[in-house]
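Order-wise, the sequence lines are chains A and B.
Numbering-wise (the working numbering), the first sequence opens with residue 914 and increments by one.
Numbering-wise (the working numbering), the second sequence opens with residue 80 and increments by one.
Heads up, the beta-carbon is just placed ideally off N, CA and C, and yes, glycines get one too.
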Amino acid sequence: MTTMKLEEILLVVEDDPDLRDAIVESLQGLGCSIHSCGNAEDALLFSRENLCFAVISDYRMPGMNGIEFCRRLKQESPRIKFVILTGYADKQTVLDGFRAGIDDLLEKPQDLSRLREKAEIFVSERMVEVDRENEELLVVRKIFCDEAADILRDLDAFIFKLEEVPLQPEVVDVLLRKAHTLKGSAGAFQGAEKISMVTNAYENLLQAIKKGRLKPSQVLTHVLLQGADVIKSLVSDFEASRNRSVNLQPFVEALNRWTEGQVDLPATSEMRSLAAATPQAEKIDDGIIWVNDPAPITEAKIKPPEMQLGSFVQPLKVDPAASDDEEDGLLVTIDKLNSFMELSGELVVLKNAYHATIKQVLKCDLPSEQKQRLEEMNQSLDKISEQIQGQIMEIRKVQLRVAFQKFPRIVRQASQDLHKQVRLEMTGTELGVDKSIAKALSSSLVHAVRNSVDHGIESPEIRIAKNKPESGVIRIHSSQVGEQVHITIDDDGAGMDPDHIKRKALEKGLITKDMAFLMPAQEAIELIFLPDFSTAEKVTNVSGRGVGMDVVRTEINKLGGSCVIESTLGIGTRLKVVIPVPKTLLVENTLLAESGGHQIVVPLVSISKITPIKDLILSKVDGRMTCQHDGMTIPLGDYRSFIEIPLRGSTKEKIDFSPESLVLIVTHKGHSLALVVDKVVDQLEAVVRPFDNVVEKLLGFKGTSLLDSEHVAFVLDAESLVGAAYAA
Amino acid sequence: MQLNEDIINGLQEALEERRIKGPRSSYLLVQVGEQKFGIQMTQVVEVLESRRWNPLPVNRPNVLGVVNLRGVVFTIYHLASLLGKATAGEAESGQGCIIVVFDGRRRFGLWVEKMLYVQDFPTNELHALNDAQLLVTHLCVVEQESILMMDIKRVA
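This is the structure:
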C-alpha cells in the first residue's frame, strides 16, 4: 500500500459497536486517518469540523438512516465519497440511495477485505485529487506572491517620502491602498492569516496618520519600516512555504498602541522587548522573533528584508509622489522579459539562416529585379532585428532609483548604530540602466555607502571640532556620458590618509616596506580595493571585514567597468564608477570556424589577429607546440589540444596541421594563444545560449549558438581556454 | 423484501468496472537489446524520429550530443549506454528515435534504436526495486514477460 499519508479522514458510521470496531480495524494502514461514530447525527457534526474525504456508513441506524445522512452530507460536502453498508434493502431503497448521491452500496455482512479494497480506491483517488489541487493552489499562491512583491516593492520609498513631505496626503493614500490590497488578498489564502493580521494593524496605523491623529516623524518612520519588514518577511515565508511559528501578537499589540497614540517609546525598544520576552530565540535584525515549528530554532536568522524582495518586477514608471492609479504602464516580470528576449534571439537565428540561404540563392541565375528584391528584404530583416534588440534593451532598463532604494535605510541604520548624523542625497536616479547592471550596482555599491558612513563621516563631536556641520553628507550622483554610465559617491568626511593605508597594508603583509616607501599617494589609496584590506580597528555590523571595496571593484570589473577613488584628507572622499552601456545582451559578434569536423564560434572581441599557419614560425617548447606572436612565444594548437591534454610532453601533442589551416590569436587579459582552425566559415551574429545542466562544465566553451533549425555550433570561451592553455 | 439481485449485480458490475479503471500508469515502452523498458508517459514530452544530433566538441560518457528543438538546445543521452548495454559510439546520428523527456527540472533526450508502444499498467502491479543507484526502479511482469520501468530523474 502507498507510503504517502493523506491528511484527511475516512469516517466510519455504524451503530453496532463490535462491527464498527471490526471495520475500523480492517481499514488500518491505508495511509489516512480513520474516525468512527455511532450515529449519523454525530457523524454530521464531526464532518463539519474535520476534513473528511470518504464515509462508510451503515444504512439502518437509530435516528437518521444512512441514505438521509448521505443526502444531508452531500448537500454540505458534495465531493465526499459515500459507501452504504446494508443487510437488506428493496429496489426503491437502492434507487433512493443512488439518488441521494451514494458512490457505492455493499451488502452486509460484508467481507471486510472488499470493503478495504473500496477504501483503498477512495484513498488513491483522493491522493491524485489532492496532488492536482496542490498544483492549482501553487499557481494561485504564485500570483498572490507576485502581486505582494509588486505592492511591497517601493513601500520603503513611500515611507521615506512620508517623512520628507509629511503633509502630502497622497503618499499616505498610496501606502493605505497597498496595505489594504495586501490584506484583502492575503485574507483569501489559507496560511496567509498572519499577513492579513499584521497588515490590518498596519493599515489602522496608516489610517491614524491619514486622519491626523499621528504626525509623521523619524520615530514613526522607523515603526512603519519595522512593520514593512515584518510584512515582507511574512510574505517571503508564505512564498517559500516556510511554516515557522511566530509570536506576532505582541507586535500587533505594539502597532495598535501606536495607532491609539499610547506609545512614546522608540520603536527599537518596543521591538527589543519582544526579543527578550521570547525564550530560545535570537534577535533578528530589528528584533522580530521567529521560532521554527515545532523544533527549537536552528535557522532563526532571516536576511534583511530589503534583500528578500529584490526588484523582481520592473516599474515602467516610478514616481513616489504619484498615486498607483496614475501609473500608465505595465509591470512585467523579468522572467517574461527574458522569454521575450530569447524569442528575439530566435529571430536573429532565423535571420542568420535566411542570410545564408539568400547568399546561395543570389548565386543562381535570377532576374536582377528579383535579386534586388531579395537583397532589400535581407536588409530590412537586418534593420528590424537590430531595432528589436535595441527596444528590448530599452524595456530591460530599470531606473537607478529602484537599484538604490535600499540605500536610505542602510545609511539611516548605519548612522544610528555608529551614533553619527548622516544625510544621503541622491541625484540622477531617474537614469535607466540595464537590469543586470542595476542589480550589480545595487549589491556592490552598498559596501561603498556603508564604508562612507563608517570610515568617512566623522562623529558629530569631531565634526564640530573641525568646524564642519554636525551632520555629514553622502551624495550619490548618476549620469550617462555617451555610451557610459557614471556614478559618483562623495562624502564630506575625514578623507583617507595614504600613510595610514600603507601602514595597514604593511601590517597585513599586502605590501613590502620598499613598496610602501616608493608608492605614490593615489596608488596607496587604491590599496583599499585589495581583498582583506580594511583600515578599521575592529569589525562592526557596518563594515571593517575588508571585503567591501574588493566586492565593489570585482562587480564593476565584471560589467566591463572601472572604479577610481579620490580622497583629500580632512575634506572627503569620492568613488567614481564608470560602466559601459551594452548595446545588446543577447547577440555577440563572432567568427564561425571549423575545427576537426566541429563548428566552433569564437567571439570577435577575443580575436586579435587571423593569420595562415604557414606564415608563422612554429617551434616546440617543453614538448608543446608554440609560435611567435608580437615577440612573445605563445602556445599553439587546436581547441582539443588545450583542453584535452593535461600533461606536458604527451605524445599526442604532435599534431600535423594542414598548410591551409588558419590561426586565430585569441587573447584574454594579456595572455594569448594561437588557435588553429581548419577554415573560417563566416562572421556570425551569435545568440549564445548557456549549456544545460548536463554539459555546463564543458571546459573551453561557454555555450551553444544555433546556426539554423538543425545545426548547433559551440561557442568558445576565451577565458577558460586561455586559462587551460597556461595551466597545462 | 430482499434486495433485488439483478439491480445489485448491475450496479456492482458498473462500479467494479469503475474500480478497475482506477489507479493506472501509462508507460512508453522501448526495446534495448532483448529487454523492454518503460518510461512514464507523464515524463515524455515528444518523440523525434530519425533526427540528427550535433556531437559535443569534447567527449562525454553516455552523451551523444545536442539537438535544437524549436530554439531549445538540449543534451541527448544514449539510453543503452546509460543502462550499461552499449557504448555511446555505437549510436548513429539520424537513425532510431530521440525520446524527449522532462524530469521536472530539465529537458533532455534519450536516444533509442527502437521504440515500441504505449501501455497502461495497474500501479499495484509495479514492484519497486530497492536500489537507489539504478535507473530502473520498478518491475512489471506481463504475460510472463518482465518489463523494467525507469525513473528518468535518476539520469545524471
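Short CB-CB distance (under 8 angstroms) between residue i and chain C
{"i": "GLY150 of chain B", "result": "Given the protein chain composition of this structure (A and B), no chain C is represented."}
Beta-carbon contacts of residue i that lie in its chain and below 6 angstroms, excluding the five residues immediately before and after
{"i": "VAL179 of chain B", "result": "VAL124, GLU125 and GLY188"}
{"i": "LYS1091 of chain A", "result": "ILE1064"}
{"i": "LEU1137 of chain A", "result": "ILE1072"}
{"i": "PRO201 of chain B", "result": "ARG103"}
{"i": "GLU222 of chain B", "result": "none"}
{"i": "ILE226 of chain B", "result": "LYS115, GLY117 and CYS219"}
Proximity below 8 angstroms, CB of residue i to CB of residue j
{"i": "VAL1315 of chain A", "j": "VAL1500 of chain A", "result": "no"}
{"i": "ILE1438 of chain A", "j": "ILE1414 of chain A", "result": "yes"}
{"i": "ILE1526 of chain A", "j": "PHE1555 of chain A", "result": "no"}
{"i": "SER939 of chain A", "j": "LEU1019 of chain A", "result": "no"}
{"i": "ILE1015 of chain A", "j": "VAL996 of chain A", "result": "yes"}
{"i": "ASP1067 of chain A", "j": "GLN1318 of chain A", "result": "yes"}
{"i": "ILE1370 of chain A", "j": "VAL1346 of chain A", "result": "no"}
{"i": "LEU1119 of chain A", "j": "LEU1089 of chain A", "result": "yes"}
{"i": "LEU127 of chain B", "j": "CYS176 of chain B", "result": "yes"}
{"i": "ALA1599 of chain A", "j": "SER1622 of chain A", "result": "no"}
{"i": "LYS1615 of chain A", "j": "VAL1601 of chain A", "result": "yes"}
{"i": "ILE1469 of chain A", "j": "ILE1441 of chain A", "result": "no"}
{"i": "PHE982 of chain A", "j": "LEU1008 of chain A", "result": "no"}
Assigned exposure category for residue i - 16 Cβ within 10 Å defines buried
{"i": "GLY1485 of chain A", "result": "buried"}
{"i": "ASP1630 of chain A", "result": "buried"}
{"i": "ARG1466 of chain A", "result": "buried"}
{"i": "PHE1430 of chain A", "result": "exposed"}
{"i": "ASN203 of chain B", "result": "exposed"}
{"i": "LYS1074 of chain A", "result": "buried"}
{"i": "ASN138 of chain B", "result": "exposed"}
{"i": "VAL1053 of chain A", "result": "exposed"}
{"i": "HIS206 of chain B", "result": "exposed"}
Cβ shell of residue i (< 7 angstroms), same chain only, five flanking positions each side left out
{"i": "GLU1076 of chain A", "result": "PRO1129, GLN1131 and THR1134"}
{"i": "TYR1552 of chain A", "result": "SER1508, ILE1513, LEU1588, GLY1613, LEU1629 and LEU1634"}
{"i": "MET120 of chain B", "result": "SER105, TYR106, LEU107 and VAL197"}
{"i": "HIS1542 of chain A", "result": "ILE1578, SER1585 and ALA1587"}
{"i": "SER1519 of chain A", "result": "VAL1579, THR1580, HIS1581 and ALA1631"}
beta-carbon residue i near the ligand ADP non-hydrogen atom, thresh 7 angstroms
{"i": "ILE1438 of chain A", "result": "Inclusion of the ligand ADP in the displayed structure is not the case, the ligand content being empty and no account of it being possible."}
Close beta carbons around residue i, own chain, < 8 angstroms, minus the five adjacent residues each side
{"i": "ASP929 of chain A", "result": "ASP971"}
{"i": "LYS1471 of chain A", "result": "ALA1353"}
{"i": "LEU1275 of chain A", "result": "LYS1284, LEU1287 and GLU1288"}
{"i": "ALA1637 of chain A", "result": "PHE1555, ILE1556, LEU1612 and GLY1613"}
{"i": "LEU162 of chain B", "result": "VAL111, PHE116, LEU214 and VAL215"}
{"i": "ARG186 of chain B", "result": "VAL124, VAL151, PHE153, VAL179 and VAL180"}
Inter-residue Cα distance where the pair is residue i and residue j
{"i": "TRP132 of chain B", "j": "ALA170 of chain B", "result": "11 angstroms"}
{"i": "LYS193 of chain B", "j": "ASN147 of chain B", "result": "22 angstroms"}
{"i": "PRO102 of chain B", "j": "LYS1031 of chain A", "result": "12 angstroms"}
{"i": "ASP1427 of chain A", "j": "GLN1435 of chain A", "result": "17 angstroms"}
{"i": "ILE1301 of chain A", "j": "GLU1383 of chain A", "result": "52 angstroms"}
{"i": "SER909 of chain A", "j": "VAL1111 of chain A", "result": "Any answer about residue 909 of chain A is impossible in this case: the structure gives chain A only from 914 up to 1641."}
{"i": "SER1109 of chain A", "j": "ASN1117 of chain A", "result": "12 angstroms"}
{"i": "GLY1341 of chain A", "j": "VAL1491 of chain A", "result": "14 angstroms"}
{"i": "ASN1291 of chain A", "j": "TYR1267 of chain A", "result": "8 angstroms"}
{"i": "SER1657 of chain A", "j": "VAL1311 of chain A", "result": "Lying outside 914 to 1641, the shown extent of chain A, residue 1657 of chain A is not represented and no answer is given."}
{"i": "ARG233 of chain B", "j": "VAL109 of chain B", "result": "17 angstroms"}
{"i": "ASP1404 of chain A", "j": "ALA1061 of chain A", "result": "36 angstroms"}
{"i": "ILE1144 of chain A", "j": "LYS1123 of chain A", "result": "20 angstroms"}
{"i": "GLN1596 of chain A", "j": "ASN1251 of chain A", "result": "26 angstroms"}
{"i": "PHE1604 of chain A", "j": "LEU1505 of chain A", "result": "18 angstroms"}
{"i": "TYR1010 of chain A", "j": "ASP931 of chain A", "result": "One detail in the question is off: residue 1010 of chain A reads as Gly in this sequence, not Tyr. Each residue's alpha carbon lies about 25 angstroms from the other."}
Of the listed residues the options, nearest to residue i (C-alpha basis)
{"i": "LEU1287 of chain A", "options": "A:CYS1540, A:ILE1271 and A:ILE1297", "result": "A:ILE1271"}
{"i": "GLU1307 of chain A", "options": "A:ALA935, A:LYS1348, A:VAL1601 and A:VAL1477", "result": "A:LYS1348"}
{"i": "GLN941 of chain A", "options": "A:LEU924, A:LEU957 and A:ASP955", "result": "A:LEU924"}
{"i": "ILE1375 of chain A", "options": "A:ALA1351, A:HIS1360, A:GLY1406 and A:VAL1362", "result": "A:GLY1406"}
{"i": "GLY1483 of chain A", "options": "A:SER1098, A:GLN1329, A:GLN1139 and A:GLY1408", "result": "A:GLY1408"}
{"i": "LEU158 of chain B", "options": "B:ASN203, B:SER225 and B:GLY117", "result": "B:GLY117"}
{"i": "TYR1115 of chain A", "options": "A:GLY1097, A:GLU1060 and A:GLN1103", "result": "A:GLY1097"}
{"i": "LYS994 of chain A", "options": "A:ILE969, A:VAL1386, A:PHE1057 and A:VAL1515", "result": "A:ILE969"}
{"i": "PHE1253 of chain A", "options": "B:LYS164, B:MET228 and B:GLY150", "result": "B:GLY150"}
{"i": "MET974 of chain A", "options": "A:GLY1000, A:ASN963 and A:CYS965", "result": "A:GLY1000"}
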